[in-house]
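Each remark here refers to the structure printed beneath this line.
Protein chains: 2
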Amino acid sequence: MRNIKLVLQYDGSRYHGWQRQPNGITIQQTLEAAISAVTGEEITLYGCGRTDAGVHAKGYVCNFFTASRFDASRFMYAINSRLPDDIRCMSSCEVSADFDSRWATSKTYTYLIHNAPLPDVFLNKRAWHYRHELDIDAMKKAAESFLGEHDFIGFASSGFTVKTTVRTIYSLDVTQEGDVVRIDVCGNGFLYNMVRIIAGTLCFCGAGRIDWHDMPDIIASCDRQRAGITAPADGLYLSEVVY
Amino acid sequence: MRNIKLVLQYDGSRYHGWQRQPNGITIQQTLEAAISAVTGEEITLYGCGRTDAGVHAKGYVCNFFTASRFDASRFMYAINSRLPDDIRCMSSCEVSADFDSRWATSKTYTYLIHNAPLPDVFLNKRAWHYRHELDIDAMKKAAESFLGEHDFIGFASSGFTVKTTVRTIYSLDVTQEGDVVRIDVCGNGFLYNMVRIIAGTLCFCGAGRIDWHDMPDIIASCDRQRAGITAPADGLYLSEVVY
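Laid out in structure tokens, this is it:
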């Protein structure tokens, strides 16, 4: 069996997240159906993580095993011709048998906040519309406290099972272009809803609802109540996965 | 009766254009229904022009007459609460009785071309995906020939009835940001499909299928066959209307 790695882009608006499930259409099942139509086999996809309903991706990585002799680099075109417009395969290649999408060394997520009095129809379901004016400098200062290794249990929603809640954040950048505030966060892994809670917390710092000086304390407290809200799924993009 | 002017933003992907029609949902009917629900009257909207199916707007202007005493500047909020997410009223104000949206002195359209080997799901239905590499300088040079007053009958689709096919183009700019090529054109009026044919022609100049040196000649020829194709509706935005 050959092991094929795919890199995907998708607009998650219409989907119930990545993972196959009984209720609602998902990215995984849509893609498995497209690949099966190409190879004529029953296909199981291994993804780099579960993205929630409404979350987008610009560089999602997954892999599957196939007996097909189809040219690996041409797989993407064959698969794309069978996919809806909101899921695109950006590359396909053959990798060694031991490559597993689930074991990334780092992931980068991007979160977009549309900070303006009125919503923008072209950012609908693509960014979090936040009306209150944001102090970008306060957000940048708050972001510094997240860098490095911390127990992030205070930045996780319940309903997960993991061995440890300690994660390392390599970079967390806040930038502004026009009325869009962009948060890029790179780390060795993220707990359930962790990026959305970081985005919600940085937003509260920018709006003055949390004092950025308190961030080291809030992180150390491991208390979910002291962090900000879970920002909506619409603004979240899985940008890059490194192995 | 009071005359209320609205400025709209809409994502035209789901709609059969601006104008009310028997088959398919349109922007006009959706908006008329929302306004009627606010005022309790039968409302007729006068729009600044017909946009085709799939065309978007960032600054569409329309007006309607009402006997309602509703605060003019608050109309937008009341209407927005009754509109789907892909149509937004950006401003509302009372204007003099003789204001008519149809009689603009200039209009600006924007056309977006996504120039890359692979499509981008986030530009799906929002830009024309054109794979062939474009020479932006050739497009800029070709654009200069359009400036000023010309008979643009060679840049119109059939099926229109107008007194004259002479129009004046005030500015036509081609810019590039990353893999998106943007065309902004401002003029005193446009024939049916004229902006899309200009976009298709500039694109052909950029791809080397039309020599930009020939543009003055092609325009003067008034021959539709010599211009480029009609670029798809997806990339077109009505940006600004001036009175």
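If you read the sequences in order, they're chains L and B.
In terms of this note's numbering, the first sequence opens at residue 1 and continues consecutively.
In terms of this note's numbering, the second sequence opens at residue 1 and continues consecutively.
Ideal placement from N, C-alpha and C gives every residue a C-beta, glycine not left out.
Integer Cβ distance of Ala233/L from Gly47/L, believed to fall under 8 Å: Beta-carbon to beta-carbon, Ala233/L and Gly47/L are separated by about 17 Å, too far to satisfy the 8 Å threshold.
Touch test, the segment 108-124 of chain L against the segment 149-163 of chain L, Cβ-Cβ under 8 Å, three pairs minimum: no
Contiguous alpha helix (DSSP H) assignments of at least 4 residues, all confined to the segment 70-134 of chain B: Fully enclosed alpha helix (DSSP H) runs of 4 or longer: 75-80.
Under 8 Å (Cβ pairs) to chain L, residues found in the segment 103-129 of chain B: Leu118, Pro119, Asp120, Val121, Phe122, Asn124, Lys125, Arg126
Per-residue contacts from Tyr60/L into chain B (C-beta, under 8 Å): In chain order: nothing, as chain B lies at least about 11 Å away.
Listed by chain order, chain B residues near Ile87/L by CB distance under 9 Å: Val121
CA nearest to the CA of Gly252/L, picked from Gln9/L, Ser36/L, Asp52/L: In the structure displayed, chain L extends from 1 to 243; residue 252/L sits before or after that span and is not available.
9 Å Cβ cutoff, Thr10/L in contact with chain B: In the sequence on display, residue 10/L carries Tyr and not Thr. Put simply, the CB of Tyr10/L is near chain B, with a gap under 9 Å to one of its CB atoms.
For Thr30/B, the first and last residue of its enclosing alpha helix (DSSP H): 27-39
Beta strand (DSSP E) runs wholly inside the segment 172-212 of chain L, at least 3 long, in chain order: DSSP runs (the beta strand (DSSP E)) wholly in the segment 172-212 of chain L: 180-187.
Cβ pair Gln59/L, Ser171/L closer than 9 Å: According to the sequence shown, residue 59/L is Gly rather than Gln. No, these two residues do not count as a Cβ contact at 9 Å.
Within 9 Å, strictly: CB atoms of Asp11/L and Asp71/L: no
Span of the alpha helix (DSSP H), counted from its first residue to its last, around Asp137/L: 136-144
Proximity below 9 Å, CB of Asn124/B to CB of Phe64/B: no
Cβ-Cβ distance between Leu236/B and Val195/B below 9 Å: yes
Simplified DSSP state of Ile153/B, which is helix, strand or coil: helix
Distance, Thr44/B Cα to Arg82/B Cα: 17 Å
Separation of His114/B from Ala127/B, as counted between CA atoms: 6 Å
Three CB pairs or more closer than 8 Å across the segment 19-36 of chain B and the segment 212-228 of chain L: The answer is no - the segment 212-228 of chain L does not touch the segment 19-36 of chain B, with fewer than three Cβ pairs under 8 Å.
Collapsed DSSP secondary structure at Arg50/L in the structure displayed: coil
Neighbouring residues, chain B, relative to Met1/L (Cβ below 8 Å): Within 8 Å Cβ-Cβ: nothing; Met1/L doesn't reach chain B, min ~27 Å.
Residue span of the alpha helix (DSSP H) that contains Ser158/L, given as start and end: From DSSP, Ser158/L is part of no alpha helix (DSSP H); its letter is neither H nor E.
Phe190/B classed as buried or exposed, judged by whether at least 16 other C-beta atoms fall within 10 angstroms: Sixteen is the threshold: when 16 or more other Cβ atoms of the shown chains lie within 10 Å of the Cβ of Phe190/B, as they do, the residue is buried.
Alpha-carbon spacing of Glu177/B relative to Thr110/B, whole angstroms: Cα-Cα distance, rounded: 14 Å.
Ile219/B, enclosing alpha helix (DSSP H) - first and last residue: 215-221
DSSP three-state assignment for Arg224/B, whether helix, strand or coil: helix
Pair within 9 Å by beta-carbon distance, Ala67/L and Met139/L: no
Per-residue contacts from Met139/B into chain L (C-beta, under 8 Å): In chain order: nothing, as chain L lies at least about 24 Å away.
Where Ser145/L falls, given that 16 or more other Cβ within 10 Å makes a residue buried: buried
Under 8 Å by beta carbon: chain L residues contacting Met90/B: Leu118
For His245/B, the first and last residue of its enclosing beta strand (DSSP E): The requested residue 245/B does not occur in the structure, where chain B is confined to residues 1 to 243.
Minimum Cβ-Cβ distance from His56/B to chain L less than 9 Å: yes
Cutoff 7 Å; reference Ile198/B; Cβ partners in own chain excluding five residues on either side: Phe146, Phe155, Val185
Check whether Gly187/L and Lys107/L have beta carbons under 9 Å apart: yes
Under 9 Å between C-beta atoms of Gly206/B and Leu112/B: no
One or two residues paired with Lys5/B in a DSSP bridge: Asn63/B, Cys93/B
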